[in-house]
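In our numbering, the protein residues as written are 32 to 126. Think of the CB as a built atom: it goes at the ideal place given N, C-alpha and C, for glycine as much as any other residue. Please read these numbers as outputs of a predicted model, since none were measured by experiment. Everything on this sheet refers to the single structure shown next.
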């Protein structure tokens, strides 16, 4: 699933989405998709949200950033989002 999952190692962020996009094109896949498009939100209303049925839990992203990445639309924000607090945490755990 996109965003925060059940374990720290299970965080799927924009860099992961870009890697999946690139791999899918190398393998000539017809399309890629995500488990639940309604999860592609970091905010509910105007408030930051933890992982819920309607939020991926990555508050530093905008709505639909995963959709943009899966479509290859890597605008400036998607190319360089705000710092990802989970990326450093995962790297330390896996090191």
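In the three-state reduction of the DSSP assignment, residue 55 falls in the helix class. Of 50, 88, 92, 94, the smallest CA-CA separation from residue 37 is found for 88. Rounded to the nearest angstrom, the Cβ distance from residue 45 to residue 100 is 5 Å, consistent with a contact under 8 Å.
Beyond the five residues adjoining it in sequence on each side, residue 95 comes within less than 7 Å, by CB distance, of 71 in the same chain, given in chain order. Look at residue 62 here: in three-state DSSP terms it is coil, with no helix or strand label.
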